[in-house]
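The structure under discussion appears below in the form of structure tokens.
Protein chains: 2
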Amino acid sequence: MAPRAASKTAETSDKVSVICRALRRAIIEQALEPGAKLPEDSLGERFGVSRTIARHALGQLAAEGLVELRRNRIAVVATPSWQDARDAFDVRIQLERLVVRQLAGKLTKAQIAELNAHVDAEDRARGGSDPVSIRLATEFHILLAHMTNSPILIRYVSEIAYRCCLTLSLFSRPHSSECAINEHRAIIAALVRGDENKVMSLMHSHLDSVAGRALVAPVPQRGRDLLDILAPYAEEAESGRVVKLPKAARGR
Amino acid sequence: MAPRAASKTAETSDKVSVICRALRRAIIEQALEPGAKLPEDSLGERFGVSRTIARHALGQLAAEGLVELRRNRIAVVATPSWQDARDAFDVRIQLERLVVRQLAGKLTKAQIAELNAHVDAEDRARGGSDPVSIRLATEFHILLAHMTNSPILIRYVSEIAYRCCLTLSLFSRPHSSECAINEHRAIIAALVRGDENKVMSLMHSHLDSVAGRALVAPVPQRGRDLLDILAPYAEEAESGRVVKLPKAARGR
DNA sequence: GCCTATCAAAGTGCATGCAATTCCTGCGCA
DNA sequence: TGCGCAGGAATTGCATGCACTTTGATAGGC
Chain A
431 MAPRAASKTA ETSDKVSVIC RALRRAIIEQ ALEPGAKLPE DSLGERFGVS RTIARHALGQ
491 LAAEGLVELR RNRIAVVATP SWQDARDAFD VRIQLERLVV RQLAGKLTKA QIAELNAHVD
551 AEDRARGGSD PVSIRLATEF HILLAHMTNS PILIRYVSEI AYRCCLTLSL FSRPHSSECA
611 INEHRAIIAA LVRGDENKVM SLMHSHLDSV AGRALVAPVP QRGRDLLDIL APYAEEAESG
671 RVVKLPKAAR GR
Chain B
431 MAPRAASKTA ETSDKVSVIC RALRRAIIEQ ALEPGAKLPE DSLGERFGVS RTIARHALGQ
491 LAAEGLVELR RNRIAVVATP SWQDARDAFD VRIQLERLVV RQLAGKLTKA QIAELNAHVD
551 AEDRARGGSD PVSIRLATEF HILLAHMTNS PILIRYVSEI AYRCCLTLSL FSRPHSSECA
611 INEHRAIIAA LVRGDENKVM SLMHSHLDSV AGRALVAPVP QRGRDLLDIL APYAEEAESG
671 RVVKLPKAAR GR
């Protein structure tokens, strides 16, 4: 349909990438907080695979910087430092600059519609601290990257956007996604006009406004059980595609 | 010694990362040409590990874009398209721009010495088509990235530099590394002077001059046996650190 | 009461085994 | 000579098993 080619840079087979996607979502929606333990056994049990597969998935996520792996130790959700966050945003701005340069004035009608639809979805899922709206805000940028049709750019922007999302959950107060949504709309408009410079400055200030926040101490929630947390994500992983809200599922 | 921190972004344990390093070198030195098959068994046999580990290493390399993995198929060394190459260089220029910005005028004496030593090594290993000199030229950029102390930047620059190196082996005629070496020296000088703009333009034209070449048809060499090709790399992997020239080893 | 040694439980590191799939070689046929 | 097609060899997909490491709780010494 949309010209979205070759996105799978790695993503071995099926099972592994399914688990990766599920965990990625669980992490950026903060169902799994930074520091949360991810034992191979539990993961395997939850997703109905052996440790081997769970392990492989953890390896991938570690390569993406979402998970920390230390020899002989339980894998944990990554806890990026403040400096990491700064670096990540620096890199991100450069990468998104490339995206903008390639896209300005070159969006097809279908793509414009897709972008608008996405922002509409953001609008619907509003509510600053709602994890789903945070995910959607991040995925707006990933959607843009996809439209460049450059596998490398897609991968890097996706990765770093997820990482930034993760760090935000650590360092930022619940961000009012309302303004972010308006900024997204402005970016689309400028992209359509082909006003590259305008988009650049919009994107820059957009990312800055998202990044430049006060620091809030992280509160690790140890109480809930991993198996419970992952239940909705595992369900979705088994049956078909992305469910809109994770709390919707919850069967067995 | 040198201020080179936290480089292991993923790199699971020991064995896996050792194999990754060995394969990475074999690939960028063109001992393994694009399209070369990498069966798990052979890899495991060559490096004295089980398929499990070899498989994991292949997964990592696939995530880095050096290896292509398709379900139920033998892994092969990646064969980037021409468009991939262009995209990669675009991204690379942006990333190296960040490196330069962070480093201009801020190099320590030790770092300057290290850079000079590296270029001296390039000089010694001269000879345009010598795979080792190609590797060293690539690693100059990676060395620069390391000096930023930004794990993200280090990882991305390393990855993309290797990928560019791989694409060059496909699309570029044997590049006279002599000029590259001089350009490297000029970059060091400008970095030391802190002349950011100068470094930027140097780096830009440097990468352009490396990237902008005519297209040569790839000639897949099917003859040699994987086990033979990898012999020197496996040896080095077992015993200690980087050997200067791969053909040096070759024991059993 | 507090610190430390010890030991079982939990978890990872890695190899191996079996099933399923792909590959490839040789054969029949046009 | 060229082409399709079987069937065995090669190879991957995945689970499981065992050894080793870490963890954390408990008991003993100070």
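In order, the protein sequence lines correspond to chains A and B. What the first sequence shows, in our numbering, is residues 431 to 682, in sequence order. What the second sequence shows, in our numbering, is residues 431 to 682, in sequence order. We put the CB at the ideal spot given by N, CA and C, even for glycine.
Report the partner residues of A:L468 according to the DSSP bridge assignment. A:A505
Is the beta carbon of B:Q513 sitting closer than 9 angstroms to the one on B:V446? no
According to DSSP, is A:E498 helix, strand or coil? strand
Which class does B:V649 belong to by DSSP, given the choice of helix, strand or coil? Reliability of the predicted coordinates at B:V649 is poor, the pLDDT of 44 falling under 50, and the value obtained from them is presented with this limitation in mind. Three-state DSSP puts B:V649 in coil, outside helix and strand.
Using three-state DSSP, classify A:L621 as helix, strand or coil. Here A:L621 sits in helix by DSSP.
At least three beta-carbon pairs within less than 8 angstroms, the region 536–550 of chain B to the region 571–583 of chain B: yes
In terms of residue numbering, what span does the alpha helix (DSSP H) encompassing B:R461 cover? It should be noted that the sequence gives Ala, not Arg, for residue 461 of chain B. First-last for B:A461: undefined, no H or E at that position.
Just mark B:D520 as buried or exposed, buried being the case when its beta carbon has 16 or more other beta carbons within 10 Å. buried
Establish whether the CB of A:S599 and some CB of chain B are separated by less than 9 angstroms. no
If the criterion is Cβ atoms closer than 9 angstroms, does the pair B:P510 and B:L596 meet it? yes
Since I believe B:G465 is in contact with B:V507 (beta carbons under 8 angstroms), could you give me their beta-carbon distance rounded to a whole number of angstroms? 6 angstroms
Put B:A436 into one of helix, strand or coil per three-state DSSP. Note that B:A436 scores a pLDDT of 35, beneath 50, so its modelled location is shaky and nothing firm can be said.
Straight-line CA distance for A:V529 to B:A492? 23 angstroms
Which value, in whole angstroms, describes the spacing of the CA atoms of A:H548 and A:R615? Going by C-alpha positions, A:H548 is about 10 angstroms away from A:R615.
Thinking just about the alpha-carbon of each residue, which of A:I483, A:E626, A:D471 and A:S588 is nearest to the one in A:L496? Distance check between A:L496 and each of A:I483, A:E626, A:D471 and A:S588 places A:S588 closest, using alpha-carbon atoms only.
Does B:D560 come out as helix, strand or coil in the three-state DSSP assignment? coil
Can you tell me whether DSSP reads A:A555 as helix, strand or coil? Correct three-state label for A:A555: coil.
Between the region 465–497 of chain A and chain B, which residues of the former have a C-beta closer than 7 angstroms to a C-beta of the latter? H486, G489, Q490, A492, A493 and G495
Given that a residue counts as buried once 16 or more other Cβ atoms are within 10 Å of its Cβ, and exposed if not, what is A:E455? Looking at the sequence shown, residue 455 of chain A is not Glu but Arg. Label assigned to A:R455: buried.
Proximity test, Cβ basis, 9 angstroms: B:Y586 and chain A: yes
Apart from the five residues on each side of it in sequence, which residues of its chain come closer than 7 angstroms, Cβ to Cβ, to A:R531? E626
With the cut-off set at 9 angstroms, would you say B:A567 and B:A610 are in Cβ contact? yes
Kindly say whether A:L525, judged by its beta-carbon, lies nearer than 9 angstroms to any beta-carbon of chain B. yes
Just verifying my parser: in three-state terms, what is the DSSP assignment at A:T568? helix
So, at 8 angstroms on beta carbons, what are the nonlocal neighbours of A:D460 in its own chain, with the 5 sequence-adjacent residues on each side left out? Position check: residue 460 of chain A holds Gln in this sequence, whereas Asp was assumed. For A:Q460, the CB contacts under 8 angstroms within the same chain, skipping 5 residues up- and downstream, are P561, I564 and S599 in chain order.
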